[in-house]
Structure formats: structure tokens, C-alpha cells
Amino acid sequence: MIFFLAGLHPLLPSRPPKPNELSGVTHWQSPNFLAYFPSNSTFESMLADLYAASVSNPGFNWICSPACTELEQVVVDWAAKMLGLSSTFWTESKVGGGVIMGSASEAALTAAMAARERALRILSKDDKAAADEDIEISEDVRKKYGQKLVIYGSTQTHSVGAKAAILLGLPFRAVPVTAEDQYALRGDALRAAIETDVAAGLIPFLAIGTVGTTSSGAVDRIAEIGQVLKGYPTMFLHIDAAWAGVAYALPEYRDLLRLAEVNEYANSFSTNFHKWGLTTFDATLMFVKNRHDLTQTFDVTPLYLRSKEADAGKVIDYRNWQIPLGRRFRSLKIWFVLRSYGIEGFQKHLTRGIEQCQQLASIVGASPDFELVTKPVLALLVFRLVPGNSTQLSEETLNRLNQRLYDRLDARKDVFLTKTSLKTSNGHNVLCIRFAMGGVHTKFEHVKKSWEVVEEEGHNTIEDWKKEEGNQ
């Protein structure tokens, strides 16, 4: 030991550093990080991640580690029950079930691939029942229908939809939404898009609905979408609730977020516990009503992956529920978090972010130089700079001012926000700024201080603009 220390000592500095040694690292756990959506991390989930890393279990088959597979089955059902998902999504139903993935993008691509295979099975027999039959899809069917399939979402759907379409080599229809509808996808608009494609000989097979869009927190009209899809047996409905889905843990927000409609119409649903759900990245939960939609797509079993337990149908091999073979022991993180916080602690965390947003909305609403672009949704606030709440300035001028404001904010190191663009009722694209609360360490004092920074830079932006325009 003495020799080791003697050899190491000349290599180390004689004094501790004055600045920290994390230069170049964006501090997502800072209470002043209010950009994108939060990426929560807690001591419990970090500790669980350390334990999982220590065994480095790839967990693709039950036999690889029964505890890895069986804990996941328990944890996803805990989550489903906490969120109020229908029992048709529970693993214990033996029909549906949940699986933990790396991201909402992975879940969307998984849903798209499963929906494609389901649609091709239906088209193989031109029979609704064919989707549930274990039938072989011929090459002729793939050639005949494979390139006619279309994915639908809205102009507010996350990039996961377009990316899934790119990876499958299929078109993605971004259906327009309006400010009057709070940027939610409506049934009539979706129906019009589908009818246009069907008339052109194309085949609708997947719609992606969103609960809590990134730009504005919009919640699509799930029941309207579901009613439209009833007329198209090849259609599959995936709900992307990456950010807002964990808020289903609050019963008082389930109607706002259309939980009953999701339970009735969705084929699959995903949400990220690694955003607002107190769990270190990565931890996306995906639920399906029919697990055969996944296994009939992803079950490729060479001899070396077979086991007597799986052959007997006694266990789940999660490799058959996902795109990759190997998988991380993610369930341990959620297990530690839910046992430590409990449902009540989880709810208090969510409620704190929502209350912060409501308090900030009151401040912004009373400001003479700022306006809310959309109604606050959960812990997301979208605003823009409007000097003197003027109605005389053009949208082009306001966009330039807001870009200048954002550039000022982006240059600072004490707060981090992100911008977006939304189309107003008069057809103008409005540049606005997002304020996303919900961080584990964020208190209202941090929110208030960050808003004071926004006001300060907003004032500076206005003053500079007045000087340039000669509007003293």
C-alpha cells in the first residue's frame, strides 16, 4: 500500500481544484434545468442501476436469470395498476402485458413493426380473425401489400413516429392540428387523411396518438381516433405518453389525460419512468393488450436459444417482445423507486411539479410583456415575449424578438430552457419558449428565480430592439 501511494503521489495535484471538474457536462439534475422534459434520477434508482451493472445480466431468456424476468413481470404490473391501466394490459392477464425498454422511440418502432406484421396477417386471409392466428406471411403478400402501408400521427407527434416510418421504409402522414383544438389530433382530420390514402390504393395500418405532446402538452382525442379506426381492421393504435403517462398515477388527472379512452381503444401504450418518474435513464414501459402482436413479430428462436421451460409455455422470454436480443436489468430501478417512495411519495413528486407550473402560470399571465401561448398542462408552460402585450406588432417581429430572447437565455449558464414553434389560429408559426418543471430537486424558489432571469433578459431584449428601431 505504501509503495502504491508513493508511486501515485507525484501524479496528483497538491491542491484541490477551485472550479469543479465536470466541465462540458450539462447538469440535468440541476434545479434550474427546465429544458426538454426532466430526466429524473434518484438515489434509489442509481443504487439499483449499480447492482444491475454488477451482475451484467443480458436477461433475454427466463433461463438467463429467472429473477430478472420475473421481477420485470411484477414491476410492470405494479406500474400498470398504479397508473390505472385496464387489466387487459396486465401481464398477469396472460393475454396482454408489459415490457421495459430503452426509450419511447424503441417502443414506437416496436409497435410499428408489430402493427405491420398484424396487418399483413389480416391481409393474408382478408379476415379480421387472421391477426390472432399463427400464420405464415408469404413473400407474395409482402410484395403485394408491404409498400402500401401508411403510418398516421399529427404535426405534433414526436419524431418517434416519423423515425419509425423511415426505418420501415413507409410513409408517415402528419395530420394537421389547430390551436382551437389545443393542438390535439381530432377524429375528422384523421378520417379525411385515411380516406384520401385509401382512395389512392394505400392501406392504413398504424396510428400514433399522443398524451402530452412535447411542444404544448396536447392530449389527442383518443375516443374520436378509436372510432375512426374501427372502420379499418388493419389499423393498430399506439399511444405515446412518454412524458405525461406517469401522471395517470394521480386519479384527479385521469379524465384530463383521457385514461378511460386509452384503456378502451389503445392496442399499445408507452410511458417513460426516466422522465418524470423518479427513475434513472433508461426505463420506458410499454404495455400491449395482446402479447401475440409482439411474439408473432419478434419470436425468432434458433436451437441455442430454446429452453424446456419456454417450449412448455411456462415462462416469458422477453427477447420475443422486443427488437434486440439482449436487455438490461431495468426492473430493479423501478422496484427500488416504488418500494422507497410508495404510491403516495410518487404522487407528491408529480403534484409538486404541477403546482409549480400553476404558480408560474399566474405570474406569467400577469406580466405586461409576456403571454401564455397555450394553457399550462401538468408541469409544462409555453410562453412568449410580447412587449407591452401589444397587438400591433407583426408575428414576424415577435418571432425575431423571441429568437433574440432565447439566444440570450441560451448563452447563460444559470438556467436552461428550450424553444418550439406552434401554429396559431390565424395560420402563423409562433416561436415560443417552453418551461418544463418536474425535476426532483426543483423547488418553486428555483422556478421563480429562473423566471426572473427570463424577465431580465426579456427587458434587455426589448430595450435593444427599441434602440435599433428608434422606438425610444
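Mapping the sequence shown onto this note's numbering, position 177 (from 1) lands on 197, and the numbers just tick up by one.
Think of the CB as a built atom: it goes at the ideal place given N, C-alpha and C, for glycine as much as any other residue.
> Of all the options V45, M102, A243, which has the alpha carbon lying nearest to the alpha carbon of Y361?
Replying inline: M102
>> The alpha helix (DSSP H) that contains P86, what's its start and end?
In response: Looking at the DSSP string, the run of the alpha helix (DSSP H) that includes P86 is 86-103.
>> DSSP has I223 in a bridge; who is on the other side?
In response: Partner(s): L169.
>> Any beta carbon from chain C within less than 7 Å of E472's own beta carbon?
In response: Chain labels in this structure do not include chain C; a single protein chain is all it has.
> Relative to the C-alpha of L169, which residue among A128, A135, N480 is closest?
Replying inline: Selection A128, A135, N480 evaluated against L169 yields A135 as nearest (Cα-Cα).
> Do the stretch 303-320 and the stretch 125-135 make contact, defined as three or more Cβ pairs closer than 8 Å?
Replying inline: yes
>> Short of 7 Å in beta carbon distance, which residues of its chain neighbour A150, apart from the five on each side in sequence? Order them along the chain.
In response: With a pLDDT of 49 at A150, under the threshold of 50, the modelled position of that residue is not reliable, and no figure is offered here.
>> If I follow the unbroken beta strand (DSSP E) through N449, where does it start and stop?
In response: 449-456
> If you drop the 5 nearest sequence neighbours on each side, which residues of the same chain put their C-beta closer than 7 Å to that of S107?
Replying inline: For S107, where only same-chain residues beyond five positions count, the Cβ hits under 7 Å are S113.
>> Here's a check: name, in chain order, each residue in its chain whose Cβ is nearer than 8 Å to the Cβ of I537, leaving out the five neighbours to either side.
In response: Because residue 537 is not part of the residues shown, which for the chain are 21 to 492, the question remains open.
> Do the stretch 69-79 and the stretch 270-289 meet, that is, are 3 or more Cβ pairs less than 8 Å apart?
Replying inline: Contact between the stretch 69-79 and the stretch 270-289 is absent: fewer than three C-beta pairs spanning the two stretches fall below 8 Å.
>> Rounded to the nearest angstrom, what separates S382 and V397 at their Cα positions?
In response: 13 Å
> With distances taken from CA atoms, which of V473, Q376, P30, L421 is nearest K486?
Replying inline: L421
>> Rounded to the nearest angstrom, what separates S445 and R432 at their Cα positions?
In response: 33 Å
>> One question on the structure: do L222 and S174 come within less than 7 Å of each other, judged by their Cβ atoms?
In response: no
> Taking just the CA atoms, how far does I336 sit from N419?
Replying inline: 53 Å
> Should the stretch 386-406 be called in touch with the stretch 208-226, which here means at least 3 C-beta pairs below 8 Å?
Replying inline: no
> I354 and A303 look like a contact to me (Cβ under 8 Å); what is the Cβ gap, rounded to whole Å?
Replying inline: 6 Å
> Measuring CA to CA, which of C377, N340, I482, Q423 is closest to N409?
Replying inline: Of all alpha-carbon atoms in C377, N340, I482, Q423, the one lying nearest the alpha-carbon of N409 is that of I482.
>> Would L305 and A99 be called neighbours here (beta carbons separated by less than 7 Å)?
In response: yes
>> Considering only the alpha carbon of each residue, which of T462, P191, E416 lies closest to H448?
In response: E416
> Can you give the Cα-Cα distance for V406 and S236, rounded to whole angstroms?
Replying inline: In a straight line, the C-alpha of V406 is about 18 Å away from that of S236.
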